[in-house]
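Chemist: Got a structure here, written out as structure tokens. Questions coming.
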Amino acid sequence: MKNTNKIEKIRISNLSNQELLDIIYREYMRIKPKNHKEFYEKNCLPSTTVLRKRFNMKYNDILLMAGVPEEYLYIHQRSESYYINLLNDVAKKLGHCPTRKELEQFGQSSSVYIKRFGSYTNALKLAGLSPIYARNQNVNKTILLNLYKDLCNKLGRAATANDINNSNLPYKATTFAKYFGGLNNLREEAGFPKENRGMGRKKYTKELILHLLIYEYINNEGPLTIQEIEKNDQLPAVATILKYFRTGKITEVWNEVSAEAVKELKNNDIKKLNAKKHPTGAIGENNVSHNLKFLDPKFTVYNNINIFSELYNESQQIDHLVIGPTGIFVLETKHLYGEITVENNNLWEQYTNSTFRHVENPTGQVMRHENLIKSIIPPQYQINSIIVMGNYKTKVFNKQACSYPIVNANEILKYISDYHCQEYLLEQDIKKIINCINRNTLKKIA
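Residue numbers (my numbering): 207 to 652.
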């Protein structure tokens, strides 16, 4: 059967070297290929032979000159021991097992380790290193007390919570407070006089703290971050909350608070209640809509529309649909926050405030949207599907494992405006596609 999806190669004779390098970079970062063969099959560029002849250099050198990160090219050429040694070097310099953020501060990308070893945790295990969360499971009071005494000796005084948090110790002040029932007790066991600081403050009980947290949970439409708790004058310190709830994990506190909040709201689903007021997903969609407003007037933007397909005899809600000179773009917005690690065909991983959970892999949903749009427009037009992170601060690792491009909301304007396609859409093409969309659009979703 003839392959109708074969990529048409562009002519490069009328392009300058810099224009060609810019196209090479955009195509490589769009495809994120596993090898040169996959890159050639999926890009719009001529053969490697033509490119080598044009620049008179090796193909990898051309990619490097175009700006493709070195680790993307050599990840399969270097041995596992090479990356393991790099990990151990960073650990020696830090004095502890590096987090992904710390690793990147040393000029290394954690996504390379995820791609090579399956996950960053697997790489750490092969390097003989223990992640901080794993070390927390083996902690005891003796270890904590000795660490605290060493820190105090360096400072020449009793260390405060800020001293602990700003030091290189593998544990935060909340861990010390948890095991000693408060930092005052820790200071006393370390041989320092017990301070009277804070003794005149409000005395808390678990019931009072639970009541305060339920109120904040409902008003905030979900859990507060540790930073938000510390800034809230109506709440006690995080260490105090953990102490009264007898746990070292703030997530366990919010689990209990959430259960009690449901009861207080007479068993109404909090998510449904909050969705009427200020849905979490709508925040991300609003961020994307705001950025799309600044596209050139030649682009037509649909936000939150419901499209019906006779072929599939069903309708689907599309977050954003953009039609313009650079192509047709179907945007699926996800309001995920923290750090997201992409897994190929599995659930994605989300890290927020040192907590981990699995989140739904959206690629199946994106594919359904793409097929539905294809069924209502002429077959000669290509659909460009994009997963957009609505939260501006979200970091996504291992993007190359995803079947679709992943773009942050504050980058979507440039992505669509500068998108390089094989054949730009003419005004009559855009009108034809818009007519197809309008004919199949149901009443707009509120």
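Yeah, the Cβ is synthetic: ideal placement off N, Cα and C, and Gly gets one too.
If you're wondering where the values come from, they're calculated on a predicted model, not measured in any experiment.
(1) By the 10 Å Cβ neighbour count, where 16 or more other Cβ atoms means buried, how is tyrosine 543 classified, buried or exposed?
(2) Histidine 526 bridges to which residues according to DSSP?
(3) Measuring straight from C-alpha to C-alpha, what distance separates isoleucine 476 and asparagine 391?
(4) Give the straight-line distance between the Cα atoms of tyrosine 246 and isoleucine 579, rounded to the nearest whole angstrom.
(5) Valine 536 and glutamate 663 - do their beta-carbons sit closer together than 7 Å?
(6) Identify, in the order they occur along the chain, each residue of the same chain with its Cβ nearer than 6 Å to the Cβ of aspartate 445, setting aside the five sequence neighbours on each side.
(7) Have a look at Leu357, Gly387, Gly362, Leu389 and flag the residue whose alpha-carbon is nearest the alpha-carbon of leucine 375.
(8) Please tell me whether leucine 441 and isoleucine 435 are closer than 7 Å, where the distance is taken between their beta carbons.
(9) Secondary structure at tyrosine 385, three-state DSSP: helix, strand or coil?
(10) So what does threonine 647 bridge to, in DSSP terms?
(11) Identify whether glutamate 576 lies in helix, strand or coil by the three-state DSSP scheme.
(12) Less than 8 Å between C-beta atoms, sequence neighbours within five positions excluded: which residues of the same chain meet that for isoleucine 640?
(13) Just list the residues that DSSP pairs phenylalanine 603 with in beta bridges.
(14) Using the Cα positions of tyrosine 423 and tyrosine 557, report the straight-line distance between them to the nearest angstrom.
(15) Are isoleucine 636 and isoleucine 589 closer than 7 Å when you measure CB to CB?
(16) Buried or exposed: where does threonine 667 fall if 16 or more other Cβ atoms within 10 Å of its Cβ makes it buried?
(17) Could you check whether the region 229-243 touches the region 258-277, counting it as contact only if at least three pairs of C-beta atoms, one from each stretch, sit closer than 8 Å?
(18) Under a three-way DSSP split, which group does serine 325 fall into?
(19) With burial defined as no fewer than 16 other Cβ atoms inside 10 Å of the residue's Cβ, what is the status of asparagine 372: buried or exposed?
(20) Are the region 505-519 and the region 562-570 touching, with three or more C-beta to C-beta distances below 8 Å?
(21) Give me the residue from Ala396, Leu335, Ile349 with the minimum Cα distance to alanine 365.
(22) On the DSSP bridge list, what partners appear for histidine 564?
(23) Applying the 10 Å Cβ sphere with the 16-neighbour rule, what's the burial state of glutamate 555?
(24) Which partner residues of valine 613 appear in the DSSP bridge assignment?
(25) For glutamine 606, collect the residues of the same chain with a Cβ closer than 6 Å to its Cβ; drop the 5 residues on either side in sequence, then sort them by chain order.
(26) Given a cut-off of 7 Å, decide if histidine 526 and valine 494 are closer than it, judged by their beta-carbon atoms.
(27) Thinking just about the alpha-carbon of each residue, which of Ser287, Tyr289, His242, Cys250 is nearest to the one in asparagine 266?
(28) Serine 521 bridges to which residues according to DSSP?
(29) Around the Cβ of phenylalanine 603, are there at least 16 other Cβ atoms within 10 angstroms (buried) or fewer (exposed)?
(30) With C-beta atoms as the reference, is isoleucine 290 less than 7 Å away from alanine 333?
(31) Pick helix, strand or coil for isoleucine 216, following the three-state DSSP scheme.
(32) If you measure between the beta carbons of cysteine 303 and leucine 335, is that distance less than 7 Å?
(33) Closest to isoleucine 420 by CA distance: which of Leu648, Lys449, Glu466, Gly388 is it?
(34) So if DSSP puts isoleucine 589 in a beta bridge, which residue, or which two residues, is it bridged to?
(35) So for arginine 452, helix, strand or coil by DSSP?
(36) Looking only at its chain, what residues have a beta carbon closer than 8 Å to the beta carbon of arginine 306, apart from the 5 residues adjacent to it on each side?
Modeler: In brief:
(1) buried
(2) Under DSSP, the beta-bridge partners assigned to histidine 526 are Asn509, Leu537.
(3) Legend: pLDDT at isoleucine 476 = 40, less than 50; position of this residue unreliable, no value from coordinates given.
(4) 27 Å
(5) With the chain covering 207 to 652 only, the question about residue 663 has no answer from this structure.
(6) According to the sequence as given, residue 445 is alanine; it is not aspartate. Around alanine 445: Thr380, Ala383.
(7) Leu357
(8) Contact flag set, yes.
(9) Helix, per DSSP.
(10) Ile513
(11) The answer is helix: DSSP assigns glutamate 576 an H, G or I state.
(12) Excluding sequence neighbours, isoleucine 640 sits near Thr506, Ile529.
(13) Answer by DSSP bridge pairing, in chain order: Thr547.
(14) Roughly 20 Å separates the two Cα atoms.
(15) no
(16) An answer regarding residue 667 cannot be provided, because it is not within the stretch 207 to 652 covered by the chain.
(17) yes
(18) coil
(19) exposed
(20) no
(21) Ala396
(22) Glu555
(23) buried
(24) Val594
(25) Lys238
(26) Contact flag set, yes.
(27) His242
(28) Phe514
(29) With 16 or more other Cβ atoms within 10 Å, it is buried.
(30) yes
(31) coil
(32) At the C-beta level, cysteine 303 and leucine 335 come within 7 Å of one another.
(33) Comparing alpha-carbon positions, the option among Leu648, Lys449, Glu466, Gly388 lying closest to isoleucine 420 turns out to be Glu466.
(34) Ile534
(35) coil
(36) Ser316, Tyr326, Glu545, Phe603
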